[in-house]
Amino acid sequence: MFTPYDWQEGIGNRAQYIEGKLAHGAAVLAVSLDSGILVFTYRRQAQKIFEIYDRLIFGALGQQSDIESIRLAALEFATREGFERSDQDVTIQRVIMALSAPMKRSFADFGGAPIVARSLFAEVHDTPGEDRYYMLDYDGDYSVSRNCACAVGDSGVAQEVMNRLAEVKSSLTPESALEQLEVLWSESMRGDADSEVAPAEGLNPEAVLLERASGKENRFRVLVREEV
7 MFTPYDWQEG
17 IGNRAQYIEG
27 KLAHGAAVLA
37 VSLDSGILVF
47 TYRRQAQKIF
57 EIYDRLIFGA
67 LGQQSDIESI
77 RLAALEFATR
87 EGFERSDQDV
97 TIQRVIMALS
107 APMKRSFADF
117 GGAPIVARSL
127 FAEVHDTPGE
137 DRYYMLDYDG
147 DYSVSRNCAC
157 AVGDSGVAQE
167 VMNRLAEVKS
177 SLTPESALEQ
187 LEVLWSESMR
197 GDADSEVAPA
207 EGLNPEAVLL
217 ERASGKENRF
227 RVLVREEV
């Protein structure tokens, strides 16, 4: 007989398994600048930062197939909302609400493989203070923030990373802010401060600016994306 205790233990084991898989994933960092939302990470192969809709951007760490499933689900929902309603109805909150419930069901379904991904969604507005960030976890839970956000494999360092991101001045150019994010990324990924191996060794940088200026055909501007 399957008792509530068995279920709780199973959920705990499932979370522990996923956290172990995510622990060494390449963090995704995002910060609001006067020019737009800057998102930065490193990747080994596949692209990790994507445009979801006109004002929405998505980045994630974890298993690539799961990241792609989340991207496609978000893109499909946003496109349908824009077609059936209007562009103004395609908001980051509605996208997260559409993804959260099925992810919760998937996490609690012991008959299927769990989703191994930690996702960062951002929505650009007219000013940095109006920007919205959602960090969506593998179990469907999410958190909301302003000005900056991070998806980090080691959840124990997430708050420290957020504190450092909050220190990045919005008045910086994307290039200057990118330099700070590269340093912060390396610090957030270095488990051993005495290690001589660079955390980004063997990885390729990826940086995108979701531009704030309206009226552009495409706000999604790739700053760095080295081909693999």
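The sequence shown begins at 7 in the working numbering and counts up by one. Just so you know, even glycine gets a beta-carbon here, dropped at the ideal spot from N, CA and C.
When the beta-carbon positions are compared, L28 and G68 come within less than 8 Å of each other. For the options Y139, V167, D132 and E129, the alpha carbon positioned closest to that of E193 is the one of V167.
Between the stretch 113-126 and the stretch 70-85, the count of Cβ pairs shorter than 8 Å is three or higher; the stretches touch.
Under the criterion of beta carbons closer than 8 Å, L229 and I43 do not qualify as touching, at roughly 12 Å.
Within the model, the alpha-carbon separation for D60 versus N224 is close to 7 Å. A172 and N153 have their C-alpha atoms roughly 7 Å apart. With a contact defined as Cβ atoms closer than 8 Å, L142 and S106 qualify at about 7 Å. Scanning the stretch 38-80 for uninterrupted alpha helix (DSSP H) segments of 4 residues or longer gives nothing; none is fully contained. Burial check for T47: the Cβ neighbour count within 10 Å reaches 16 or more, so the residue is buried.
About 19 Å separates the Cβ atoms of C156 and A21, ruling out a contact at the 8 Å cut-off.
An exposed status is given to S182, since fewer than 16 other beta-carbon atoms sit within 10 Å of its beta-carbon. The C-alpha of V163 lies about 15 Å from the C-alpha of G26. Setting aside the 5 residues that flank it on each side, L178 is surrounded in the same chain by L39, each with a C-beta closer than 7 Å to its C-beta; the list follows chain order. When rounded, the separation of the alpha-carbon atoms in I98 and I63 is 9 Å. Restricting attention to R231, R218, I24 and G18, the CA atom closest to the CA of G135 is found in R218. The secondary-structure analysis by DSSP pairs S194 with nothing; it has no beta-bridge partner. Its chain contains V96 as the residues whose beta carbon lies nearer than 6 Å to that of G88, once the 5 sequence neighbours on both sides are disregarded; these appear in chain order.
Excluding residues up to 5 positions away in sequence, L44, C154, L171 and V174 lie with their Cβ nearer than 6 Å to the Cβ of V37 in the same chain. Contact check for G31 and G159: beta-carbon distance about 4 Å, within the 8 Å limit, so the pair qualifies. The continuous alpha helix (DSSP H) containing R100 extends over residues I98 to A114. For the pair P211 and S41, the CB atoms are not nearer than the 8 Å cut-off.
Excluding the 5 residues flanking it on each side, I55 has same chain C-beta neighbours closer than 6 Å at V45, G65, E212 and V214, in chain order. Taking the CA atoms as reference points, W191 sits about 15 Å from G208.
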